[in-house]
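Here's the structure, in structure tokens; my notes come after.
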Amino acid sequence: MRQDGLPPGKETGLPGYLNQITDPVQMQLLGSITVEILRQERRLTRTAICLKLVGRISATLDPKEERHLRALLSMLFNM
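Quick note, the numbering used here runs 552 ahead of the 1-based positions in the sequence shown.
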């Protein structure tokens, strides 16, 4: 058992979040969000990702894309 109380191999934070994503479409969406954040010279944090996801959810007209974005947002909060 690790000192932080988590079993070995259980990652937390952004690495744990990124390891949950297996769908190629979701990987692509998160990749483009990550690039946007880094191009704005901002830190890549859960908050920054969350804000971008929420912004994209409110702006999209594509129901499939919205489902993928909502799934990513859900994973972010279930870490």
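C-beta: ideal position from N, C-alpha, C; glycine also. No experiment lies behind these values; they were computed from the predicted model shown.
CB of residue i within 8 Å of CB of residue j, strictly
i            : j           : result
leucine 625  : leucine 605 : yes
arginine 598 : leucine 628 : yes
Whole-angstrom distance between residue j and residue i, CA atom to CA atom
i             : j             : result
proline 615   : valine 577    : 13 Å
arginine 608  : arginine 622  : 10 Å
glutamine 572 : threonine 612 : 23 Å
glutamine 592 : glutamate 618 : 24 Å
proline 559   : valine 587    : Reliability fails at proline 559, whose pLDDT of 48 lies under 50, so the model's placement of it is uncertain and the value that follows must be treated cautiously. Taking the straight line from one Cα to the other gives about 32 Å.
Closest Cα partner of residue i within the set the options
i              : options                        : result
leucine 566    : Asp575, Gln592, Glu588, Cys602 : Cys602
isoleucine 585 : Gly568, Ala600, Asp575         : Ala600
Whole-angstrom C-beta distance between residue j and residue i, which should lie under 8 Å
i           : j             : result
leucine 596 : histidine 620 : So it is not a contact: roughly 19 Å between Cβ atoms.
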